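Chains as they are written, first to last, in my numbering: chain A, 6 to 504; chain B, 6 to 504; chain C, 6 to 504; chain D, 6 to 504.
Note that the Cβ used here is the ideal one computed from N, Cα and C, for glycine as well.
Quantities reported herein were computed from a predicted structural model and do not represent experimental measurements.
Note sheet for the following structure.
Protein chains: 4
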Amino acid sequence: MAEHAGPTSSAFARDGGLAAEADDHFHDECGVFGIFGRQDAAAIVTLGLHSLQHRGQEAAGIVSYDGTQFHVERHVGLIGDTFTKQSVIDRLQGNRAIGHTRYATTGGAGLRNVQPFFAELADGGLAVAHNGNITNAMTVQRVLQKQGAIFSSTSDTETIMHLVATSKERDLNARFIDAIRQIEGAFSLVALTSKKMIGCRDPLGIRPLVLGDLDGAWILASETCALDIIGARFVRDLKPGEMVVVTSKGIESHFPFEPMKSRFCVFEYVYFARPDSSVEGRNVYEVRKKIGMELAREEPVEADIVVPVPDSGTPAAIGFAQEAGLPFELGIIRNHYVGRTFISPGDSIRHMGVRLKHNANRKIIEGKRVVLVDDSIVRGTTSQKIVQMVRDAGAKEVHMRIASPPTRASCFYGVDTPEKAKLLASRMSVGEMAEFIRVNSLGFLSIDGLYRAVGEAARDNDAPQFCDACFTGDYPTRLLDMEGTDNVRTLSLLANGGQ
Amino acid sequence: MAEHAGPTSSAFARDGGLAAEADDHFHDECGVFGIFGRQDAAAIVTLGLHSLQHRGQEAAGIVSYDGTQFHVERHVGLIGDTFTKQSVIDRLQGNRAIGHTRYATTGGAGLRNVQPFFAELADGGLAVAHNGNITNAMTVQRVLQKQGAIFSSTSDTETIMHLVATSKERDLNARFIDAIRQIEGAFSLVALTSKKMIGCRDPLGIRPLVLGDLDGAWILASETCALDIIGARFVRDLKPGEMVVVTSKGIESHFPFEPMKSRFCVFEYVYFARPDSSVEGRNVYEVRKKIGMELAREEPVEADIVVPVPDSGTPAAIGFAQEAGLPFELGIIRNHYVGRTFISPGDSIRHMGVRLKHNANRKIIEGKRVVLVDDSIVRGTTSQKIVQMVRDAGAKEVHMRIASPPTRASCFYGVDTPEKAKLLASRMSVGEMAEFIRVNSLGFLSIDGLYRAVGEAARDNDAPQFCDACFTGDYPTRLLDMEGTDNVRTLSLLANGGQ
Amino acid sequence: MAEHAGPTSSAFARDGGLAAEADDHFHDECGVFGIFGRQDAAAIVTLGLHSLQHRGQEAAGIVSYDGTQFHVERHVGLIGDTFTKQSVIDRLQGNRAIGHTRYATTGGAGLRNVQPFFAELADGGLAVAHNGNITNAMTVQRVLQKQGAIFSSTSDTETIMHLVATSKERDLNARFIDAIRQIEGAFSLVALTSKKMIGCRDPLGIRPLVLGDLDGAWILASETCALDIIGARFVRDLKPGEMVVVTSKGIESHFPFEPMKSRFCVFEYVYFARPDSSVEGRNVYEVRKKIGMELAREEPVEADIVVPVPDSGTPAAIGFAQEAGLPFELGIIRNHYVGRTFISPGDSIRHMGVRLKHNANRKIIEGKRVVLVDDSIVRGTTSQKIVQMVRDAGAKEVHMRIASPPTRASCFYGVDTPEKAKLLASRMSVGEMAEFIRVNSLGFLSIDGLYRAVGEAARDNDAPQFCDACFTGDYPTRLLDMEGTDNVRTLSLLANGGQ
Amino acid sequence: MAEHAGPTSSAFARDGGLAAEADDHFHDECGVFGIFGRQDAAAIVTLGLHSLQHRGQEAAGIVSYDGTQFHVERHVGLIGDTFTKQSVIDRLQGNRAIGHTRYATTGGAGLRNVQPFFAELADGGLAVAHNGNITNAMTVQRVLQKQGAIFSSTSDTETIMHLVATSKERDLNARFIDAIRQIEGAFSLVALTSKKMIGCRDPLGIRPLVLGDLDGAWILASETCALDIIGARFVRDLKPGEMVVVTSKGIESHFPFEPMKSRFCVFEYVYFARPDSSVEGRNVYEVRKKIGMELAREEPVEADIVVPVPDSGTPAAIGFAQEAGLPFELGIIRNHYVGRTFISPGDSIRHMGVRLKHNANRKIIEGKRVVLVDDSIVRGTTSQKIVQMVRDAGAKEVHMRIASPPTRASCFYGVDTPEKAKLLASRMSVGEMAEFIRVNSLGFLSIDGLYRAVGEAARDNDAPQFCDACFTGDYPTRLLDMEGTDNVRTLSLLANGGQ
């Protein structure tokens with residue numbers, strides 16, 4: 006058709022395409038939270054999302070239902086700045102609500118893709134909030150569009166809504182099951198209708214989702230820290246492939262997928278989850294300390310002090326120091342007042358090597374052999390700067406120890422990663438990387454060391470216990486949308502700044 | 006289905022449901038503007054919408070296409086405050102663009118319903134901006150939802166998009182024709198794809214739409230004043246039922262409906278259109294002056310001065326004064342700095358009868374027999390206050406003359422009107438109304454007088470030349486959505502303040 | 006002294022230096038309003054300032070006193086947008102308050118110079134709001150600085166505060182009198198202390214100030230329209246040189262200056278004051294109509310229609326049409342939605358001659374001999390554009406009639422005027438001006454015609470009844486600050502955008 | 006005099022009066038930074054202030070001088086949100102600039118007191134930024150007011166400006182010396198004129214001020230971390246009572262006071278300064294670790310783990326753990342996304358004991374005997390909540406160790422402290438405090454222990470080496486303004502929200 010521009014000139018792209026370069030980490034894209042059957046539900050959701058803020062700082066949304074109608078609020082910015090306004094909370098009436106917080110895409114991205122997505126279906130309103138990434142979303146979207154569906158966002162969540170809407174099943178549970186059976190990839194979903202709250206995890210259980218209870222009201226949340234903030238009781242992790250349906254009569258559990266061996270994202274332990282959360286039965290802080298201990302055993306070094314790259318390297322550095330019998334010192338101080346928008350002002354100082362976020366503590370470092378512990382290396386640019394800063398502060402030697410294996414492959418399961426070519430470990434050996442970041446020595450944790458830290462004997466290469474694709478390139482699902490393309494993220498983007 | 010709340014508890018309502026009480030007028034809900042084939046297209050659209058600001062002050066949107074991708078900007082507020090920012094205009098790249106300005110609904114309504122609506126269809130992006138109201142939108146929407154469509158706004162524009170998307174035709178023109186043949190009511194649409202700009206009017210031509218030309222670039226606009234602001238040439242009014250398709254090769258015209266006699270909205274002449282516009286071949290200011298002359302003949306009065314209720318009563322007052330041989334005087338001064346948000350501050354003065362918008366000029370009025378000329382009476386509350394103010398200023402007699410027949414029925418064609426029971430003329434005789442607003446005499450123009458003012462001999466009651474339903478209750482189309490309900494506007498509304 | 010940069014490199018300039026080019030008019034810089042002894046005083050002041058918005062749209066301030074402490078609010082923007090917020094009004098507790106609205110200076114000027122000025126003196130708080138200009142303010146300021154005074158704004162109001170503070174008198178009334186005796190120029194002041202509200206006018210009474218009464222509470226306001234909005238009673242104009250002191254015991258009147266013949270600003274009648282106000286005993290609308298009549302007699306013309314340049318030319322056009330026996334027609338329509346920030350977007354259309362504010366009504370003008378009536382010509386650029394627009398609309402002849410004499414000299418009494426060299430009438434004869442703006446004929450009202458319109462037989466050249474310096478160059482006071490300089494406005498300016 | 010309200014009903018109060026209750030700490034009120042002789046000076050100041058953000062988060066200001074005029078920007082909010090906008094930095098032209106960041110007072114406090122203060126004196130512009138508090142400011146202010154000075158802010162900085170302005174000396178250096186000789190208390194000032202940058206410390210050197218050098222441009226800053234961020238060289242601490250004057254010819258040093266023994270604020274080491282700063286020759290992190298070690302020796306305890314109250318208790322906890330031979334564990338996780346405005350939404354959850362800022366890590370704490378290390382106890386309310394949270398997480402025993410002596414007295418030297426009666430240690434014994442916060446044991450560092458940690462043998466009670474008034478009540482200066490009043494902070498306050 007003449008006016009058909011074709012997918013490559015389409016206005017759409019998957020969300021992950023907008024990598025924020027500011028911070029050299031992988032970033033989990035979302036946190037979800039829902040509560041059913043509790044007065045001031047939206048206020049509870051606000052608190053839950055606040056505790057999940059580390060999973061996404063750009064924007065957040067809450068949908069509540071008050072028995073008669075749905076209320077939708079979506080705002081760009083931190084929960085604590087946007088949803089704590091009385092007027093906002095007052096509009097979100099009802100005793101059930103779900104919410105979502107999302108990772109920074111680019112500045113102007115606006116509200117178009119902020120979740121929960123809400124739409125009116127034939128049988129009433131449906132809101133869906135999603136953590137993960139549907140790896141066949143575009144393929145499904147194209148089929149749906151050919152059937153006449155229209156898409157008003159670039160979110161794969163909208164694809165799920167369409168699948169629910171077009172299902173031939175008659176009952177919402179059946180329609181929902183019909184929908185999630187058609188999608189592939191990683192998804193931890195929370196959904197709300199006028200009568201139900203639904204939570205489900207993909208059959209591999211790649212992203213976390215926990216069940217909690219607050220004085221009889223059921224809660225779904227990405228991590229247990231979101232239960233702690235409100236004093237809710239942790240009930241259990243949802244099982245991989247489980248779908249729970251909460252109504253005013255109680256909770257019921259469905260298992261719509263063939264059982265599979267779990268492939269939980271091991272990087273949640275390395276970096277994404279909050280240290281005080283427990284996910285899939287393990288405390289995150291404890292795992293990180295054990296990682297540090299394994300690292301000290303695998304990559305020992307003669308040194309004077311162990312210094313974490315704050316804050317993400319701190320637990321592993323504590324473990325490393327304990328195991329190595331070296332003093333743990335705060336040799337780098339982090340400035341927590343750095344906002345997302347801090348731009349070095351003035352042309353003449355843009356290349357001064359300004360230390361906005363981290364500063365070395367010269368008195369601690371001067372003349373010392375320093376072990377720096379960080380959680381991971383992505384592009385290597387931040388590591389370069391930090392090593393230089395530590396050298397400028399007078400370190401005699403700098404030894405970098407990384408609390409994970411080299412990250413060699415992109416993630417397609419809801420994590421913002423650079424394309425593979427930009428991953429330092431995909432194009433350099435460890436020795437080359439050491440030279441690139443200018444350290445006396447560089448050591449990574451081995452993949453088996455990582456598995457030991459989470460309590461396994463070793464990686465079962467025939468049937469890995471976790472998703473570790475970013476380290477191994479071993480993706481646990483098909484990647485249908487990515488087939489035949491270098492990277493789905495190169496699609497053009499709808500510029501929708503002003504919404 | 007259990008979770009089906011049914012339409013009455015749905016989150017949706019047609020847009021018109023949110024009557025702004027601040028101003029006792031009917032309000033046209035929208036203005037549209039598009040240009041194809043001109044550098045800085047969005048800047049031109051900005052100017053066009055600025056000149057159509059009287060058709061809607063709440064919010065505006067522009068969609069442009071730059072040859073590769075679409076750009077969407079939607080903002081709450083006046084064009085001159087939002088779209089004139091360099092950063093906004095810079096994002097709207099491309100040599101073709103359409104825009105829309107909409108009437109105030111309630112304060113918190115947010116961006117959800119701001120047009121143009123944009124979505125990705127199987128064959129690429131489609132943007133639609135709409136002036137009017139689809140009277141079978143909900144009926145169609147329910148059918149579409151049963152087929153699996155999901156609706157993310159409450160705009161009937163989204164219904165049109167779905168009809169285009171689900172059409173079985175293969176060519177966009179055919180699909181568009183297929184869509185508009187399924188809808189009823191009033192619609193003057195402007196649409197944009199990557200290759201085409203489309204404009205069309207409903208078969209009765211209820212709302213205006215004109216075609217213009219700026220150095221070879223085609224323009225579609227609600228009124229001619231939007232051509233004047235940029236020095237564009239007026240080509241012609243689109244015909245009722247006409248659909249024009251503009252491509253880089255030129256313009257072509259389609260007539261997808263059975264020919265019908267035109268039923269243009271006569272209230273556009275009374276109040277909606279700008280006095281310097283010409284619509285359907287008549288200059289609005291001239292019609293209003295003739296209305297004033299007819300009124301002077303039909304409802305003469307012994308008086309000293311003719312005073313308009315500014316600004317909408319001014320042209321008719323000039324005509325009345327000329328015909329009656331009475332002096333035309335600015336006996337009431339309007340304060341143009343009244344914004345939408347002006348709320349009398351302080352409890353103790355809320356009922357002081359504060360004159361925020363109009364003030365009587367005592368020196369002109371004192372001791373005089375005053376003919377006040379206004380365009381219409383809706384609820385009567387503003388008239389009451391103005392008459393009281395003129396009396397307080399010392400008028401000896403106050404005679405109100407209204408430049409239209411009594412408004413007795415709601416409009417369902419894209420005009421914000423109160424429900425019928427709140428229309429003063431629907432529950433009072435002229436005598437009772439005179440008493441209610443406390444005037445010495447009250448006169449309305451007759452329906453035939455109005456038809457004479459627009460150049461007809463009289464209303465042809467068998468085949469009326471205009472839509473005059475607000476005066477006569479004679480609706481020129483079916484009102485499918487309203488059947489069996491008192492008023493479609495009573496549906497519950499999605500509260501979506503924060504978007 | 007080494008670090009003394011001298012006055013020419015000082016950070017200060019008188020306010021008037023920032024001519025806004027957007028609108029080819031002289032602009033009065035301020036309106037003042039105060040009330041003493043009324044609950045919700047600040048809310049009343051808000052309403053009063055709203056009705057004085059035509060005297061200044063940039064920013065406004067209110068100071069109230071609640072019996073214990075003063076409250077100060079200053080905001081950039083229209084009264085109706087800023088002071089009507091509940092939180093703002095709620096902070097302005099007290100039964101006495103004064104306020105000020107000021108004319109646009111440049112965009113970034115910020116809050117530094119927004120009045121009322123408030124400071125703590127030895128004997129308590131003092132707030133002063135000022136309409137006018139002190140012509141020896143810089144001279145006095147330099148003396149005060151040498152005595153150790155520091156200035157934190159560029160407002161001449163601060164000079165008055167310093168004079169009150171440093172007076173050797175012991176009683177506030179005496180100190181205030183001491184202060185105003187040292188200043189020259191035009192001033193209509195309203196001041197507030199914890200016990201008193203003071204109002205005063207300069208000895209020539211150049212700017213207006215009226216006294217009103219609202220159920221026993223005294224009001225001071227720039228114009229009577231500010232009394233009308235709240236239904237207050239007009240008591241009288243303050244006399245030139247009069248100082249009134251309002252306390253809880255009542256009002257007393259002082260005359261601290263030698264009596265002089267009044268020299269009220271005649272331009273208040275021509276343009277500044279609102280048509281529904283009465284100042285110095287004359288209704289502004291009536292004066293303007295009489296001006297139009299005089300103009301029709303002095304500068305008659307064969308023509309078909311009289312068209313005002315809206316809105317300021319409208320009353321004179323009505324008078325002209327009545328006197329000339331020609332039809333009065335709205336041949337030019339004004340778009341009231343033009344905000345201060347409207348900038349033609351896009352480089353390619355900046356010189357399209359866009360008609361943001363006015364549009365000619367072609368159907369009315371085409372083929373006609375048109376008399377355009379405007380209030381004044383300042384730079385002539387706007388007149389040029391309007392004439393061109395009327396010609397483009399097909400006028401056969403265009404005759405411009407100006408409702409005042411040619412403006413040949415700058416105003417130094419609180420009016421924003423361009424420097425003399427930019428005034429069209431200062432460098433062209435009437436014939437040259439006619440050619441410049443491309444009209445068939447151009448006529449100005451004579452100075453005696455203007456005096457007749459305000460009720461005098463003619464101008465008394467030995468002892469003029471008004472200040473008409475902008476027409477005659479005959480300044481009624483010394484201009485101490487301007488001596489030896491071309492223009493005081495060339496002083497450097499403190500750039501204080503962010504405050 | 007009749008209208009004299011007297012000081013107690015004055016609109017003014019010293020700044021410190023607005024204690025923010027949100028956080029149970031003393032708070033230093035300000036950080037200052039200046040640079041002279043460097044392109045893009047304001048951008049450098051922005052970076053310097055960003056690194057001093059911990060000394061004040063409410064608002065900041067920068068004044069630059071470009072050789073012709075001064076530029077002033079003041080904004081409420083974090084440096085990284087306000088001063089990094091290109092438009093703001095672009096307005097701050099010049100190669101010399103000073104800046105100031107200030108601690109939160111109340112929300113509505115507005116811009117009135119944001120520093121640097123700028124005013125025009127007889128010999129040109131003067132800007133002053135101040136860290137500290139003038140203890141005789143009100144006394145001096147009253148004298149100045151009686152001489153005719155007017156005060157437009159409540160800042161004691163304005164008092165200094167007036168003293169400079171009214172000095173009889175002829176040279177700026179002499180005038181500045183004259184001014185600072187008249188003030189008492191704590192002050193680390195940075196001032197800017199068109200020719201000079203001046204820095205000075207009070208004769209006791211209570212607050213810090215360091216001198217740095219960036220490629221030949223002189224820098225003054227509150228702490229060394231502000232030098233590190235831009236890679237500037239630390240030159241030395243200013244000496245107590247020293248005044249340095251920087252001009253384009255270089256730097257000169259003056260000592261206008263009689264030499265006194267230094268009394269640097271020991272609390273800068275305990276809490277105010279950043280751990281990576283070195284002040285008065287000691288590295289802050291090192292001092293804090295030594296404090297922890299002293300504390301472990303003075304107040305040992307049988308326990309399983311040492312847990313810091315993050316982030317301020319962390320360095321002392323590391324020292325404690327090292328000295329005690331106990332594992333250091335992150336048993337409490339801090340949420341860094343808590344903004345100043347986070348208010349628990351919804352009435353029903355206001356008293357849920359929500360954990361917005363800290364969460365205990367149950368897996369680490371459960372069943373353990375926990376030593377909590379915090380820097381100080383002010384009101385005790387936060388300690389109560391944290392202890393409860395740790396108990397809820399299953400701690401077997403909770404032992405609190407405080408890295409400073411009990412805070413028993415208010416600070417009058419530029420620190421925001423509650424009034425004495427609200428200090429827990431001023432009304433309870435250590436035993437009562439232990440009961441109040443519900444710990445198994447509570448131990449504070451002794452005053453001599455604190456002195457040992459900073460390198461002294463013990464406190465010299467006859468001539469203390471530091472200002473430790475908050476622990477001892479031994480104020481090193483007169484407190485003139487506070488004499489005869491319970492607390493100067495009880496004065497009424499000018500409510501100036503909207504500025």
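Compare the C-alpha of residue i against each of the options and name the closest.
i: V289 of chain D; options: D:C270, D:P208, D:N100, D:K427; result: D:C270
i: D316 of chain B; options: B:A278, B:E328, B:E304, B:E307; result: B:A278
i: S199 of chain B; options: B:D207, B:A132, B:V292, B:G137; result: B:A132
i: I452 of chain D; options: D:N466, D:G137, D:I40; result: D:N466
i: L216 of chain C; options: C:V195, C:T87, C:R241; result: C:R241
Report buried or exposed for residue i, applying the criterion of at least 16 other Cβ atoms within 10 angstroms of its Cβ.
i: G358 of chain A; result: exposed
i: E1 of chain D; result: Given a span of 6 to 504 for chain D in the structure shown, any question on residue 1 of chain D remains unanswerable.
i: P264 of chain D; result: exposed
Taking only the alpha-carbon atoms, compute the straight-line gap between residue i and residue j and give it to the nearest angstrom.
i: G85 of chain C; j: H341 of chain B; result: 11 Å
i: I369 of chain A; j: H363 of chain A; result: 15 Å
i: G112 of chain B; j: H80 of chain C; result: Low per-residue confidence applies at G112 of chain B: pLDDT is 32, beneath 50, and the placement is therefore not dependable, though the value from the model is reported in the following sentence. Straight-line Cα distance between these residues: approximately 22 Å.
* Taking Cβ-Cβ distances below 9 Å as the criterion, which residues of the region 364–393 of chain B are in contact with chain C? -> N364, A365, N366, R367, K368, I369
* To do: Using a Cβ-Cβ cut-off of less than 7 Å, list which residues of the region 162–195 of chain D approach chain C; keep chain order.
  => M166, H167, A170, T171, R175, D176, L177
* To do: Quick one: which residues of the region 276–302 of chain A get their C-beta closer than 7 Å to a C-beta of chain D? List them in chain order.
  => Listed by position along the chain: R279, P280, D281, S283, N288, Y290, E291.
* Residues from the region 397–423 of chain A in contact with chain D, defined by Cβ distance under 9 Å -> D397, A398
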